[in-house]
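Novice:
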Amino acid sequence: MEILVGAVALAVGLVVGWLLAAQRAQANVHAAQLRAASARAALEAERTTASERFSAVAAEALRQNNEQFLALAGQSLARADQRHDAQLAQREEAVRAMVDPLAKTLDAVRAQVTDAEKARIASHSTLAEQVTQMRQTSELLRGETSQLVTALRSAQTRGAWGELQLRRVVEAAGMLERVDFTEQPSFRSDDGLVRPDLVVHLAGGKNVVVDAKAPFLGYLDAQQSGDEQTRTARLAAHARHLKGHVDDLASKAYWDQVSPAPEFVVMFVPAEAFLAAALDEDPGLLEYAIAKNVILATPTTLLALLRTVAYSWRQEALAENAQQVLTLGKELHSRLATMGGHLTKLGRALGTAASAYNETVGSMERRVLVSARRLADLGVVDGDLDGAPPVEAALSMVSAPELLASASEHVVAIDEPTAPNEAHG
């Protein structure tokens, strides 16, 4: 029992002790908490104070840094502005140097364009005026062509026009009327009186007959026709007309009346187009005419033929004058030889005279002027006496061998009195 009481009391004592210890521990914890709270409050206050002080210091440092930065930035910007202004000025100058020539070129181009426009307007006006004049000229030419075609429809007018064209060709060939050719001579044949348009005189007394009455009315009708079928028919008729005229000329046999003459007659077609159109319709017309002893000739081919005739005339004249040229050459050679003898004699005489003159000058210098100059030395006379200069005695002599040989043959004739005809030579 006592043990139980003792155990209970011990347990109660332990509980009371634990409670006291717990209370004391709680009090310590509370005190510690109070101290911790106080320390926390102090720390918070210190932190707040430090934060405020840091904020103030940071703000001041930031302000100073900002001021320094702004100052440095201002200086940098100022220097940058200066550099930028200098660079900008340089760039402006460079751009101006590039742009000024372009501006001048543009001004020049603008001026040229203006001038070109003015010239174009003037040219357009001139062209318009010329077109108007060409239109008027074309109308006038059309009218005159129509009148010419109307006039050429007459056989008499066609013949006169053909004769006129033929005369122009022979004049262009350099031939003279009644010397190199004769117009419309008359000859009598078995069929009566014949009268060709032109007879060309060849070297050696030969002759060539030229006829200028080639028909071309069908060609004119074809050119005025607006219908292709009619035009083709009229061109075919034109070829037939030329072929028929070839037959007529072949039947007249002009070469028998103007003998001596080659056995052909020249049929003059007054325009190239007339013959070309006929050959297009009848390609064998030339061969047919040659077989009939008729030569078809346009102004171009007739001009070549007549120039050949004129050349043969010149060759004939040279052949006829060859003997006269030979005689004249011999006479000229003889007279040149006589003149060479005269020149040789004259050269010898001039050489002798020059030698005599030089000897006289030397004698005068050695014997006369010496004594005369002594008078000047003695004071009798004033002034010096100048001697006469000698002359060059060397003369150019005739050196041609043929003249020297001829001159040696004429020495006797030169030394003797010349006859009147030789003196003239």
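In the working numbering, the protein residues as written are 594 to 1018.
Every residue, glycine too, gets a C-beta built ideally from N, C-alpha and C.
Around the C-beta of Ala604, are 16 or more other C-beta atoms found within 10 angstroms, so that it is buried, or is it exposed?
Specialist: Sequence index remark: in the sequence shown, residue 604 carries index 11 (1-based). Exposed is the call here.
Novice: Terminal residues of the continuous alpha helix (DSSP H) containing Ala864?
Specialist: What you label residue 864 is simply residue 271 of the sequence shown in a count that begins at 1. Taken as a continuous stretch (DSSP letters only), Ala864 belongs to no alpha helix (DSSP H), as it is neither H nor E.
Novice: Measure the alpha-carbon distance for Asp1008 versus Gly767 and round it to whole angstroms.
Specialist: Your numbering for residue 1008 matches position 415 in the sequence shown. Your numbering for residue 767 matches position 174 in the sequence shown. Note that Asp1008 has pLDDT 43, beneath the 50 cutoff, so the model's placement of it is unreliable and the number below is only indicative. Going by the C-alpha atoms only, they are around 54 angstroms apart.
Novice: Considering Cα atoms alone, identify which of Gln822, Asp849, Arg827 and Ile888 is closest to Asp804.
Specialist: Counted from its first residue, the sequence shown places residue 804 at position 211. Measuring from the Cα of Asp804, the nearest candidate turns out to be Ile888.
Novice: Just to check my reading of the structure: Phe861 and Trp848 have Cβ atoms closer than 8 angstroms, yes? What is that Cβ distance to the nearest angstrom?
Specialist: In the sequence shown, counting from the first residue as 1, residue 861 sits at position 268. In the sequence shown, counting from the first residue as 1, residue 848 sits at position 255. At roughly 16 angstroms, the Cβ-Cβ gap does not stay under 8 angstroms, so Phe861 and Trp848 are not in contact.
Novice: Between the C-alpha atoms of Thr825 and Gln758, what's the straight-line distance to the nearest angstrom?
Specialist: Counted from its first residue, the sequence shown places residue 825 at position 232. Counted from its first residue, the sequence shown places residue 758 at position 165. Rounded to the nearest angstrom, the two C-alpha atoms are 27 angstroms apart.
Novice: Run through DSSP, which three-state label would Asp790 get?
Specialist: Working through the sequence shown from its first residue, we reach residue 790 at position 197. It is coil, neither helix nor strand.
Novice: Quick one: grab the DSSP three-state call for Leu612.
Specialist: What you label residue 612 is simply residue 19 of the sequence shown in a count that begins at 1. Leu612: helix per DSSP, three-state reduction.
Novice: Taking the CB atoms as reference points, tell me whether Ser905 and Leu795 lie closer together than 8 angstroms.
Specialist: Taking the sequence shown and counting its residues from 1, the one referred to as residue 905 is at position 312. Taking the sequence shown and counting its residues from 1, the one referred to as residue 795 is at position 202. Yes, they are a contact pair.
Novice: Classify Phe774: buried if its beta carbon has 16 or more other beta carbons within 10 angstroms, exposed otherwise.
Specialist: Reading the sequence shown from its first residue, position 181 is the one you call residue 774. Buried.
Novice: Could you tell me if Leu835 is buried or exposed, where buried requires 16 or more neighbouring beta carbons within 10 angstroms of its beta carbon?
Specialist: Here residue 835 refers to the residue found at position 242 when the sequence shown is read from its first residue. Label assigned to Leu835: buried.
Novice: So Glu821 is in the alpha helix (DSSP H); what residue range does that whole segment cover?
Specialist: Translated into positions along the sequence shown, residue 821 becomes position 228. Glu821 -> alpha helix (DSSP H) spans Glu821 to Lys845.
Novice: What is the DSSP secondary structure of Val766, counted as helix, strand or coil?
Specialist: The residue given as residue 766 occupies position 173 in the sequence shown. Looking at the sequence itself, residue 766 is Ala, so the reference to Val does not match. Coil, per DSSP.
Novice: Nearest CA to the CA of Gly778: which residue from Val802, Leu936, Val763 and Ser964?
Specialist: As a position in the sequence shown, residue 778 is number 185, starting the count at 1. It should be noted that the sequence gives Pro, not Gly, for residue 778. Minimum Cα distance to Pro778 is reached at Val802.
Novice: Checking contacts by CB at 8 angstroms: is Arg824 closer than that to chain B?
Specialist: Of the protein chains in the structure, only one exists, and it is not chain B.
Novice: Per DSSP, which one or two residues make a beta bridge with Leu889?
Specialist: Here residue 889 corresponds to residue number 296 of the sequence shown, with the count starting at 1. Bridge partners of Leu889: Met860.
Novice: Buried or exposed for Glu660, please, with buried defined as at least 16 other CB atoms from any protein chain shown within 10 angstroms of its CB.
Specialist: Here residue 660 refers to the residue found at position 67 when the sequence shown is read from its first residue. By the 10 Å Cβ count, Glu660 comes out exposed.
Novice: Assign Pro1010 to one of two classes, buried (16 or more other C-beta atoms within 10 Å of its C-beta) or exposed (fewer than that).
Specialist: Residue numbering aside, residue 1010 sits at position 417 when the sequence shown is read from its first letter. Any reading at Pro1010 must be qualified, since the residue scores a pLDDT of 42, below 50, and its modelled position is unreliable; no value is offered.
Novice: Which partner residues of Asn800 appear in the DSSP bridge assignment?
Specialist: Against the sequence shown, residue 800 aligns to sequence position 207. Answer is His794, bridged to Asn800.
Novice: Starting from the Cα of Trp754, find the closest Cα among Arg617, Gln729, Pro808 and Met727 and give me that residue.
Specialist: Residue numbering aside, residue 754 sits at position 161 when the sequence shown is read from its first letter. When only C-alpha atoms are compared, the closest one is Pro808.
Novice: Along the alpha helix (DSSP H) that carries Ala882, what are the first and last residues, could you check?
Specialist: By one-based count along the sequence shown, residue 882 stands at place 289. Looking at the DSSP string, the run of the alpha helix (DSSP H) that includes Ala882 is Leu878 to Ala884.
Novice: In whole angstroms, what separates the C-alpha of Ala712 from that of Met691?
Specialist: The count along the sequence shown starts at 1 and reaches residue 712 at position 119. The count along the sequence shown starts at 1 and reaches residue 691 at position 98. Near 31 angstroms, if we compare the C-alpha coordinates of Met691 and Ala712.
Novice: Taking 8 angstroms as the limit between beta carbons, can you name the residues of its chain near Ala765, skipping five residues before and five after?
Specialist: Indexing the sequence shown from 1 puts residue 765 at position 172. Hits under 8 angstroms: Leu896.
Novice: Three Cβ pairs or more, each shorter than 8 angstroms: is that satisfied between the segment 909-922 and the segment 861-877?
Specialist: Output reads no: the segment 861-877 does not touch the segment 909-922.
Novice: Quick test of your reading: Gly798 and Pro853, contact by CB under 8 angstroms. State the CB separation rounded to the nearest angstrom.
Specialist: Residue numbering aside, residue 798 sits at position 205 when the sequence shown is read from its first letter. Residue numbering aside, residue 853 sits at position 260 when the sequence shown is read from its first letter. That pair is a contact at about 6 angstroms.
Novice: Going straight from the alpha carbon of Asp674 to that of Val702, what length do you get?
Specialist: Here the question's residue 674 lines up with position 81 in the sequence shown. Here the question's residue 702 lines up with position 109 in the sequence shown. Distance between the alpha carbons of Asp674 and Val702 is about 40 angstroms.
Novice: Note down, in chain order, each residue of its chain lying with its Cβ closer than 7 angstroms to the Cβ of Val1005, except the 5 sequence neighbours on either side.
Specialist: Here residue 1005 refers to the residue found at position 412 of the sequence shown. Residue confidence is low: Val1005 scores 42 on pLDDT, short of 50, so the model does not pin down where it sits. Its coordinate-derived value is still stated next. Cβ neighbours of Val1005 beyond the five flanking positions: none.
Novice: For His926, count the other beta carbons within 10 Å of its own beta carbon; 16 or more makes it buried, fewer makes it exposed. Which is it?
Specialist: Taking the first residue of the sequence shown as position 1, residue 926 is located at position 333. The residue in question, His926, is exposed, as its Cβ has fewer than 16 Cβ neighbours within 10 Å.
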